[in-house]
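Report on one structure; see the data block that follows.
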Amino acid sequence: MDKPELSLSNVDFDYGPVPVLRAASHTFAPGKLTVICGPNGCGKSTLFRVLSGQVRPLAGEAKLASANIFGLPAKVRARAMALLPQSPEAPAELLVRDLVALGRYAHRKPLVALARADHVAITNALAATDIADLADRPLAALSGGQRQRAWIAMALAQQAPLLLLDEPTNHLDISHAVETMHLLRRLIDEEGKTVVAVLHDINLMTRFADEVILMKDGRIIDAGPFASIVSEDSLSDLFGRPSRFGTISGQERPFVVVS
Amino acid sequence: MTNIVLSQSARQGRRQTHVARYVIPIVALGFLIILATAIGSSWIGPDRVIAALVGQGTATDHIIIWTLRLPRVALAILSGAALALAGLLLQTVVRNSIASPSVLGIVDGAAVGVVLFLWLCSNENNALTVSVHWLPLAATCGAAVFAFSVAFLAKGDIAQPARLILYGIACAALAKALVTVLVILGPVYRSSQALIWLAGSVHTAHWQDAAILATVLFCALLTILALCPACEQMALDHETASATGLSVTQSKAAALALSVILTAAAVSFAGGIAFVGLIVPNLARALLGASFKRRAVLVPILGAAMVLGADILARVIAFPLELPTGSITAIIGAPYFLFLLMQKIKHGQT
Numbered sequence: 001m002d003k004p005e006l007s008l009s010n011v012d013f014d015y016g017p018v019p020v021l022r023a024a025s026h027t028f029a030p031g032k033l034t035v036i037c038g039p040n041g042c043g044k045s046t047l048f049r050v051l052s053g054q055v056r057p058l059a060g061e062a063k064l065a066s067a068n069i070f071g072l073p074a075k076v077r078a079r080a081m082a083l084l085p086q087s088p089e090a091p092a093e094l095l096v097r098d099l100v101a102l103g104r105y106a107h108r109k110p111l112v113a114l115a116r117a118d119h120v121a122i123t124n125a126l127a128a129t130d131i132a133d134l135a136d137r138p139l140a141a142l143s144g145g146q147r148q149r150a151w152i153a154m155a156l157a158q159q160a161p162l163l164l165l166d167e168p169t170n171h172l173d174i175s176h177a178v179e180t181m182h183l184l185r186r187l188i189d190e191e192g193k194t195v196v197a198v199l200h201d202i203n204l205m206t207r208f209a210d211e212v213i214l215m216k217d218g219r220i221i222d223a224g225p226f227a228s229i230v231s232e233d234s235l236s237d238l239f240g241r242p243s244r245f246g247t248i249s250g251q252e253r254p255f256v257v258v259s
Numbered sequence: 260m261t262n263i264v265l266s267q268s269a270r271q272g273r274r275q276t277h278v279a280r281y282v283i284p285i286v287a288l289g290f291l292i293i294l295a296t297a298i299g300s301s302w303i304g305p306d307r308v309i310a311a312l313v314g315q316g317t318a319t320d321h322i323i324i325w326t327l328r329l330p331r332v333a334l335a336i337l338s339g340a341a342l343a344l345a346g347l348l349l350q351t352v353v354r355n356s357i358a359s360p361s362v363l364g365i366v367d368g369a370a371v372g373v374v375l376f377l378w379l380c381s382n383e384n385n386a387l388t389v390s391v392h393w394l395p396l397a398a399t400c401g402a403a404v405f406a407f408s409v410a411f412l413a414k415g416d417i418a419q420p421a422r423l424i425l426y427g428i429a430c431a432a433l434a435k436a437l438v439t440v441l442v443i444l445g446p447v448y449r450s451s452q453a454l455i456w457l458a459g460s461v462h463t464a465h466w467q468d469a470a471i472l473a474t475v476l477f478c479a480l481l482t483i484l485a486l487c488p489a490c491e492q493m494a495l496d497h498e499t500a501s502a503t504g505l506s507v508t509q510s511k512a513a514a515l516a517l518s519v520i521l522t523a524a525a526v527s528f529a530g531g532i533a534f535v536g537l538i539v540p541n542l543a544r545a546l547l548g549a550s551f552k553r554r555a556v557l558v559p560i561l562g563a564a565m566v567l568g569a570d571i572l573a574r575v576i577a578f579p580l581e582l583p584t585g586s587i588t589a590i591i592g593a594p595y596f597l598f599l600l601m602q603k604i605k606h607g608q609t
C-alpha cells in the first residue's frame with residue numbers, strides 16, 4: 001500500500017470571532033500512530049475537520065500527497081482517508097452490517113449492488129472489531145462500547161491508507177479501549193496504515209503513541225516522536241496540573257498520574 | 260457447523276418475512292384497484308371488473324370501466340406513489356421522520372402556483388388562455404419557491420427537527436393565506452374550480468393526466484435508482500457522510516429537487532392530498548427498518564394503496580355525495596403527525 005503524505009502548513013481557522021487554529025503546521029509521519037493530545041477546546045476536532053477537507057482553512061492549507069485536500073473530490077479523498085468524528089450519528093434502526101456497508105460508498109460504482117470486494121471488506125471490518133456476531137442487530141440494541149466498535153468497523157471498511165479517529169476509545173471500557181489500540185497497532189504494523197487519533201486518556205497515549213502532537217489554545221505547541229516530546233514537564237505545562245511518571249518493570253513506557 | 264446451519268435458516272426465515280412485507284401490500288393494492296373500479300354510480304361486480312380489465316366482458320362495462328373509472332384509479336395510484344416517494348426523499352434529506360411535503364409547506368406552495376396560474380391565465384369568459392398542461396410547471400415553481408424559502412430560513416438548523424418543522428408550518432400558513440386571498444380576488448368560476456382542487460380530488464381524472472404523471476414518476480424512479488447509494492449515505496450525519504465520500508450538498512440538493520418535482524406533479528393533477536408523504540415512509544420504516552433502498556421499493560406501493568383507499572372512502576362515506584380525497588388522508592394523517600411529534604419530544608430528539 002502506498003503511503004500518501006498528509007501535512008498542514010500554517011493553517012488558521014476561526015468560528016466567527018473565536019480563533020480555533022493558529023499557524024498549525026505539521027507533517028504526519030507515514031506508517032505511524034500519531035496521537036493528538038491537549039485539553040478540551042484546544043482545536044483538535046477542528047484540526048480533523050481541516051485535515052478531512054470539511055472546512056476550508058482561512059489561511060494555509062492541508063495537503064494530501066501534494067494536492068490541496070479541500071479541493072479534492074469527496075470520493076477520491078475518502079478512498080485515501082477515513083475519518084471517524086467524535087459523535088457520529090445514524091438511525092437507531094440501522095443494522096450493524098448496513099452501517100459498516102456505508103463505509104464502502106467511495107468504492108462503489110453507480111447502479112451496482114455491493115460487489116464481492118465490498119462484502120469481503122465488510123466481513124473483515126466486522127471481524128477486526130470483534131462484532132461479527134452483532135452484524136444483524138440494529139444499533140439501538142448495542143451497548144455504548146459495541147456501537148463505538150461498529151463505527152470503527154465502518155471506518156475500517158473504507159480501506160483507506162490513512163485513518164483519522166477522533167477519540168476512538170470514547171465509551172469503551174478499559175479492556176475494549178486497549179483492544180482497540182492493539183487493533184490500530186496491528187493495522188499500522190501489518191497493513192502499513194497511517195493512523196492519527198485524538199486520545200483523552202493520557203495513559204493510552206503514553207503506552208501506544210509513536211508520534212505525539214501537543215495542542216493548546218489552537219496552536220501546536222510541540223510535535224514529534226514520543227520520547228522527544230512527552231515528559232513530566234511537557235504534560236504538566238499542557239494541562240496546567242503537575243504530572244508524575246511511574247514505571248512498571250518490564251514496561252518500557254511510563255504511566256502518568258496527574259495530581 | 261450447527262451454528263452456520265442455524266444462522267442460514269434464520270436468514271432464510273427473515274428473507275421470507277421480508278418477502279411477505281412486499282407481497283402483502285401488492286396484493287392489497289390489487290384488491291383496492293378492483294374495489295375502486297367496482298364502486299361508482301352503479302355497482303359493477305368484481306367478476307365483471309376483472310373481465311373488462313382483461314378485455315372480456317360487455318361493451319358497456321368496458322366503456323364505463325376504461326373511460327370513466329380507471330383514469331381516476333390510475334391517477335389515485337400515481338399521485339399516491341409520487342407523494343409517498345417525495346416524502347421518503349424529503350425525510351432522507353433532512354434526516355427527520357416527521358418532515359413531509361405537506362408539513363414543510365411544499366404542498367401549499369404548489370397550491371399557490373396553481374391558483375396564481377388559474378388566476379393569471381384565464382380570460383373574462385373563465386376560459387384558460389394557455390394550455391392546462393402548463394399547470395404542473397406552475398405547481399412546480401410554487402413548490403420550489405416555498406421549499407427553498409424553508410430551506411433558506413432553516414439554514415444551519417436543518418438537522419434540528421423542531422425548528423425545521425416550525426419554519427415549515429410558518430411558510431405553509433403563509434401559502435394558505437395567499438391561496439385564500441387569490442381565490443377571493445380571482446374569477447368566480449376559476450375560484451370554485453380552485454377550491455375543489457385545493458381540497459384534493461381525483462374525480463375529474465383523464466387518461467392524459469395519468470399519462471403525464473406516469474411519465475414524471477417513471478423518470479423520478481430512474482433518478483432515484485441512480486441516487487440510491489447517496490440516499491443510503493444520508494443516514495449518516497453531515498460530517499461522517501462527507502468523510503465516507505458523499506458530496507453532501509450536491510446530493511441533498513438533487514434529492515430535494517426531485518422531492519419538489521414529485522410533489523408538484525402529484526399535487527397539480529390530484530390536488531392537495533396531504534400527509535401521504537408523512538405516513539407512508541414511517542409505515543415502511545416500521546415494516547422494513549431504516550434502509551432507504553428497501554423502503555424505496557415499498558413506499559410507492561403503500562402510497563398508491565393509501566390514496567386509492569382514501570378515495571374509496573371519500574366516495575362511499577357520504578354516498579351519493581363525494582368528499583375530497585385529501586380530507587380523508589388528512590383525518591388519518593394529522594393525528595398520526597401529532598403522535599410522531601409527541602414521541603420525538605418524549606425521546607428528547609427535538
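Note that the protein sequences, when read in sequence, are chains A and B.
116 is the number that our numbering gives to position 116 of the first sequence; each next residue is one higher, with no gaps.
Convert by adding 259 to the 1-based position in the second sequence; the result is the number in our numbering.
Quick reminder that beta carbons are idealized off the backbone N, C-alpha and C, glycines included.
Quantities reported herein were computed from a predicted structural model and do not represent experimental measurements.
Would you mind stating whether residue i and residue j have Cβ atoms separated by less than 8 Å?
i	j	result
residue 150 of chain A	residue 187 of chain A	no
residue 4 of chain A	residue 80 of chain A	yes
residue 365 of chain B	residue 405 of chain B	yes
residue 62 of chain A	residue 96 of chain A	no
residue 194 of chain A	residue 31 of chain A	yes
residue 397 of chain B	residue 375 of chain B	yes
residue 435 of chain B	residue 367 of chain B	yes
residue 395 of chain B	residue 527 of chain B	yes
residue 51 of chain A	residue 69 of chain A	yes
residue 212 of chain A	residue 205 of chain A	yes
residue 542 of chain B	residue 561 of chain B	yes
residue 157 of chain A	residue 104 of chain A	yes
Along the chain, where does the beta strand (DSSP E) that runs through residue i open and close?
i	result
residue 19 of chain A	18 to 27
residue 246 of chain A	243 to 246
residue 95 of chain A	First-last for residue 95 of chain A: undefined, no H or E at that position.
residue 595 of chain B	It is not in any beta strand (DSSP E) - residue 595 of chain B instead sits in the alpha helix (DSSP H) that spans 584 to 605.
residue 14 of chain A	6 to 15
residue 64 of chain A	59 to 64
residue 482 of chain B	Here residue 482 of chain B belongs to no beta strand (DSSP E); instead the alpha helix (DSSP H) covers 466 to 492.
residue 196 of chain A	194 to 198
residue 409 of chain B	Unbroken run through residue 409 of chain B is the alpha helix (DSSP H), 394 to 412; no beta strand (DSSP E).
residue 258 of chain A	255 to 258
residue 113 of chain A	Neither: residue 113 of chain A is in no beta strand (DSSP E) and is coded neither H nor E.
According to the neighbour-count rule (16 or more other Cβ atoms, all chains shown, within 10 Å of its Cβ), is residue i buried or exposed?
i	result
residue 74 of chain A	buried
residue 78 of chain A	buried
residue 597 of chain B	exposed
residue 242 of chain A	exposed
residue 251 of chain A	exposed
residue 159 of chain A	buried
residue 226 of chain A	buried
residue 261 of chain B	Caution is warranted here: a pLDDT of 40 is assigned to residue 261 of chain B, below 50, making its placement in the model unreliable, and the coordinate value is therefore given only provisionally. Exposed, because fewer than 16 other Cβ atoms sit within 10 Å of the Cβ of residue 261 of chain B.
residue 173 of chain A	exposed
residue 492 of chain B	buried
residue 250 of chain B	Because chain B spans 260 through 609 in this model, residue 250 of chain B falls outside it and cannot be assessed.
residue 265 of chain B	Per-residue confidence for residue 265 of chain B stands at a pLDDT of 43, beneath the threshold of 50, marking its modelled position as unreliable; no derived number is given.
residue 248 of chain A	exposed
residue 116 of chain A	exposed
residue 131 of chain A	buried
residue 306 of chain B	exposed
residue 324 of chain B	buried
residue 243 of chain B	No information on residue 243 of chain B is available, as it lies outside the stretch 260 to 609 that chain B covers here.
residue 580 of chain B	exposed
residue 71 of chain A	exposed
With a threshold of 8 Å between beta carbons, is residue i in contact with chain D?
i	result
residue 540 of chain B	The structure shown contains no chain D; the protein chains it does contain are A and B.
I'd like to confirm the pairing. Which residues does DSSP put opposite residue i in its beta bridges?
i	result
residue 566 of chain B	Answer by DSSP bridge pairing: none, since residue 566 of chain B is not bridged.
residue 224 of chain A	A:212
residue 37 of chain A	A:214
residue 441 of chain B	The partner list for residue 441 of chain B (beta bridge, DSSP) is empty, contrary to what the question assumes.
residue 358 of chain B	None, per the DSSP bridge assignment.
residue 138 of chain A	A:95
Looking at the secondary structure, which residues open and close the alpha helix (DSSP H) in which residue i lies?
i	result
residue 154 of chain A	144 to 157
residue 178 of chain A	174 to 191
residue 165 of chain A	Residue 165 of chain A -> not in any alpha helix (DSSP H); beta strand (DSSP E) instead, spanning 162 to 166.
residue 238 of chain A	232 to 239
residue 83 of chain A	Residue 83 of chain A -> not in any alpha helix (DSSP H); beta strand (DSSP E) instead, spanning 81 to 84.
Practice problem: Return the chain-ordered ranges of every beta strand (DSSP E) run that is complete within the segment 289 to 342 of chain B and spans a minimum of 3 residues. | Solution: Within the segment 289 to 342 of chain B, no complete beta strand (DSSP E) run reaches 3 residues.
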